[in-house]
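Q:
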Amino acid sequence: MRTWLRSYLLLIRWTALRLRFVLPLVLVVQTFLAVGVVIGFAYLMPSVDPATALYLSTGAPTLGLITIGMVMAPQLVAQSKTEGTFTYNRTLPVPRTAVLAADLTTWLGTGAPGLVLGLLTATLRFDLHLRVSPLVVPAILLVALTTTTVGFAIAYAAPPAVTSLVSQALVFIALMFSPVTFPAERLPGWLEDVHQALPFQSMAQVVREALTSPPGGISALPYAVLAAWSTAGLVITLRVMTRRE
Numbered sequence: 067m068r069t070w071l072r073s074y075l076l077l078i079r080w081t082a083l084r085l086r087f088v089l090p091l092v093l094v095v096q097t098f099l100a101v102g103v104v105i106g107f108a109y110l111m112p113s114v115d116p117a118t119a120l121y122l123s124t125g126a127p128t129l130g131l132i133t134i135g136m137v138m139a140p141q142l143v144a145q146s147k148t149e150g151t152f153t154y155n156r157t158l159p160v161p162r163t164a165v166l167a168a169d170l171t172t173w174l175g176t177g178a179p180g181l182v183l184g185l186l187t188a189t190l191r192f193d194l195h196l197r198v199s200p201l202v203v204p205a206i207l208l209v210a211l212t213t214t215t216v217g218f219a220i221a222y223a224a225p226p227a228v229t230s231l232v233s234q235a236l237v238f239i240a241l242m243f244s245p246v247t248f249p250a251e252r253l254p255g256w257l258e259d260v261h262q263a264l265p266f267q268s269m270a271q272v273v274r275e276a277l278t279s280p281p282g283g284i285s286a287l288p289y290a291v292l293a294a295w296s297t298a299g300l301v302i303t304l305r306v307m308t309r310r311e
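Here the working numbering is used: the first residue of the sequence shown is 67, the next is one more, and so on.
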């Protein structure tokens, strides 16, 4: 355990140093996205009622986490494959789980400030009164873990060019065709059914319910969906990391 922890801490330092010029830019982009969804999407609507304001306010941090985990993180993994850093990391005499844990910690830490600023902007913009649940931290961590592990699974298993295309398609789907900033009832019936299995709707619901504590209680099903997706992402990622060339 002591060896694993030491490897983990050293790998976090190595990752932070390697990405020291990139992570601040990622932080800025993610913050602008979260704040921009709250402010910019409101301009597209003639009036913003309390329900719409709630969806925009809780959907903005969700979209920020999706962008971090499913777009920026996998694209940098793809870049590391091209540069040879990916192969080098696999040769390090450290546990593969420590490598993955260090990467996950780095990206989770990068996404946190933008999430907080997005919520603060939404609260001030729409004068919201949130009823934050004690589950808010586990909920946000689960969403961040799901986005990052799925993003890593794509980046680790696919060639760099495919990773880039898939990550761009995912953010387009999340922004335009996923019930993150609007209710699922607005979608066609078949697409609404598809989103029951995809993680986007569950991510938004988990964050929204954790921030509002609905009278009917917090649903367990979205947590189960996200747990299944994050487990699948972890299994695929670890299998690729431990595979012999």
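C-beta atoms are modelled at their ideal positions from N, C-alpha and C, and glycine is treated no differently.
(1) Just verifying my parser: in three-state terms, what is the DSSP assignment at Gly255?
(2) Is Ala210 a contact residue of the ligand NAP, with contact defined as CB to any heavy atom under 7 Å?
(3) Evaluate Trp256 with the Cβ neighbour count: other Cβ atoms within 10 Å of its Cβ, from every protein chain shown; 16 or more gives buried, anything less gives exposed.
(4) If you measure between the beta carbons of Leu277 and Val203, is that distance less than 8 Å?
(5) Given a cut-off of 8 Å on the beta-carbon distance, is the pair Trp173 and Gly130 in contact?
(6) In chain order, what are the residue ranges of uninterrupted alpha helix (DSSP H) at least 4 long that sit wholly in the stretch 142-183?
(7) Taking 8 Å as the cut-off, decide whether the C-beta atoms of Arg162 and Leu75 are in contact.
(8) The alpha helix (DSSP H) with Ala290 in it runs from where to where?
(9) Once DSSP output is grouped into helix, strand and coil, what is the label at Thr247?
(10) With distances taken from CA atoms, which of Leu183, Ser268, Gln96, Ala108 is nearest Thr133?
A: Answer, in terms of the structure:
(1) Within the sequence shown, numbered from 1, the residue matching residue 255 stands at position 189. It is helical.
(2) This structure does not include the ligand NAP; it has no bound ligands of any sort.
(3) In the sequence shown, residue 256 corresponds to position 190, counting from 1. With a threshold of 16 other beta carbon atoms within 10 Å, Trp256 falls short and is exposed.
(4) The residue you call residue 277 lines up with position 211 of the sequence shown. The residue you call residue 203 lines up with position 137 of the sequence shown. In this structure, Leu277 sits away from Val203, with a CB-CB distance that is not shorter than 8 Å.
(5) On the sequence shown, position 107 is the one that residue 173 refers to. On the sequence shown, position 64 is the one that residue 130 refers to. In this structure, Gly130 does not lie closer than 8 Å to Trp173 by Cβ.
(6) Here the runs fully enclosed are 151-157.
(7) By one-based count along the sequence shown, residue 162 stands at place 96. By one-based count along the sequence shown, residue 75 stands at place 9. 8 Å or more divides the Cβ of Arg162 from the Cβ of Leu75.
(8) Residue mapping note: residue 290 aligns to position 224 of the sequence shown, counting from 1. According to the DSSP assignment, Ala290 belongs to the alpha helix (DSSP H) that extends over 287-308.
(9) Locating residue 247 in the sequence shown gives position 181, where the first residue counts as 1. Under the three-state reduction of DSSP, Thr247 is assigned to coil, being neither helix nor strand.
(10) Here residue 133 refers to the residue found at position 67 of the sequence shown. Nearest of Leu183, Ser268, Gln96, Ala108 to Thr133, Cα basis: Gln96.
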